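Engineer:
Residue numbers (UniProt numbering): 1 to 307.
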């Protein structure tokens, strides 16, 4: 066999995207170039790596085994490059973090200055729901994960970043004249929920269960942005993290409904598997957070204290 590192990288990207077109876009190559590299790589194996069913590309069982082997090879190559650059006094390599969707409103602020200090560090940030975030950590696909609810199935270490507070909100056209409402208001208004597996959904359901509330589910949506737009449109109310609705509260598109027992309180945690072997980049990032976390919170999130 005489495959190249480039062919391994192309095959991995095709396997991840399950599409030659999408792989070409992410690799900044033409579609024919990706197809040629994939064919040249396939020609070295007598067993198919991929198959097309109904115009969709799938990785075969054998192909999945090659994916695992290719990932190990690529990671070893990166490790060699990191060691060389570290020997030269440079910090470089990949920092891989998976975050729940609401985390996109805070995580960039905890990364920006670190990446400015170390321009050779490559950030891979995966934004998804809580169940997929935990799965990526469990499979050791990432260095860290950002969650507001700690996993029950994994033993993890963590660094607390900042509070996460969830309020009941509606659009501003709906009138809520009382200074404060009892919790049972949630039983009398249509509620918009996130999808199953979402940390926000889990927090809402726990609050309702603890307070014996039977709410009217109006609809279920798969992102905080979708929930936000549905609430603004007047389709219902929702319990949402304040971190994701600052602009809408400021502009008057949304309003907080004051309810006894709210906001729901939790904490944003950056977590990692216990006994994780950190790369030099991951170690450096933890050191950075320990030193600058409070300064970032004060300069970027002090506005939260007004709510």
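Glycine included, each C-beta is placed from N, C-alpha and C at the ideal position. Note that the structure is predicted; figures quoted are calculated from it, not measured.
1. Less than 8 Å between the CB atoms is what I'm expecting for residue 245 and residue 203, so what's the real figure, rounded?
2. Can you tell me where the beta strand (DSSP E) holding residue 96 begins and where it ends?
3. Grouping DSSP H, G and I as helix and E and B as strand, with all else coil, what is residue 307?
4. Measure the Cβ-Cβ separation of residue 13 and residue 23 and say whether it is below 8 Å.
5. Would the region 286–301 count as touching the region 103–116 if we require 3 or more Cβ pairs under 8 Å?
6. Taking 8 Å as the threshold, find out whether the region 193–202 comes into contact with the region 210–223 through three or more Cβ pairs.
7. Can you look up residue 141 in the DSSP assignment and give me helix, strand or coil?
8. Ordered along the chain, which non-local residues of its own chain (more than five positions away) have a Cβ less than 8 Å from that of residue 235?
9. Could you work out which residue in 57, 257, 138, 140 is closest to residue 177 when comparing CA atoms only?
10. Might you give, ordered along the chain, the residues of its own chain that have their beta carbon closer than 8 Å to the beta carbon of residue 26, omitting 5 neighbours on each side?
11. Would you say residue 128 and residue 274 are within 8 Å of each other, going by their C-beta atoms?
12. What would DSSP say about residue 81, mapped onto helix, strand or coil?
13. Return the chain-ordered ranges of every beta strand (DSSP E) run that is complete within the region 106–132 and spans a minimum of 3 residues.
14. Can you have a look at residue 336 and say buried or exposed, based on whether 16 or more other CB atoms are within 10 angstroms of its CB?
15. State yes or no: is the C-beta of residue 158 within less than 8 Å of the C-beta of residue 281?
16. Within 10 Å of its beta-carbon, does residue 143 have 16 or more other beta-carbons around it, so buried, or fewer, so exposed?
17. Using the Cα positions of residue 181 and residue 205, report the straight-line distance between them to the nearest angstrom.
18. When the Cα atoms are used, what is the spatial distance from residue 103 to residue 45?
19. Assign residue 365 to one of three DSSP states: helix, strand, or coil.
20. In this structure, how does DSSP classify residue 45 when only helix, strand and coil are distinguished?
21. Which residue wins for smallest C-alpha separation from residue 121, given the options 151, 292, 81?
22. Can you tell me where the beta strand (DSSP E) holding residue 238 begins and where it ends?
Structural biologist: Let's see:
1. Contact between residue 245 and residue 203 does not hold, since their C-beta atoms are separated by about 15 Å, which reaches or exceeds 8 Å.
2. It spans 93–100 - the beta strand (DSSP E) in which residue 96 sits, taken as one unbroken run.
3. It is coil, neither helix nor strand.
4. In this structure, residue 13 sits near residue 23, with a CB-CB distance shorter than 8 Å.
5. Cβ pair count under 8 Å is three or more, so yes.
6. Touching, yes.
7. The three-state secondary structure of residue 141, taken from DSSP, is coil.
8. 190, 192, 218, 219, listed in sequence order.
9. Closest by alpha carbon: 257.
10. Taken in chain order, the residues that qualify are 13, 17.
11. No. Outside cutoff.
12. DSSP places residue 81 in helix when its eight states are reduced to three.
13. Qualifying beta strand (DSSP E) stretches, in chain order: 121–128.
14. No answer is possible for residue 336: the residues shown for the chain start at 1 and end at 307.
15. Residue 281 sits away from residue 158, with the two beta carbons spaced by 8 Å or more.
16. Burial check for residue 143: the Cβ neighbour count within 10 Å reaches 16 or more, so the residue is buried.
17. Roughly 19 Å separates the two Cα atoms.
18. Spanning the two alpha carbons is a distance of roughly 42 Å.
19. Since the first residue shown for the chain is 1 and the last is 307, residue 365 is missing from the structure and cannot be characterised.
20. For residue 45, the three-state secondary structure derived from DSSP is coil.
21. Checking every option, the nearest Cα to that of residue 121 belongs to 81.
22. Here the beta strand (DSSP E) through residue 238 covers 238–241.
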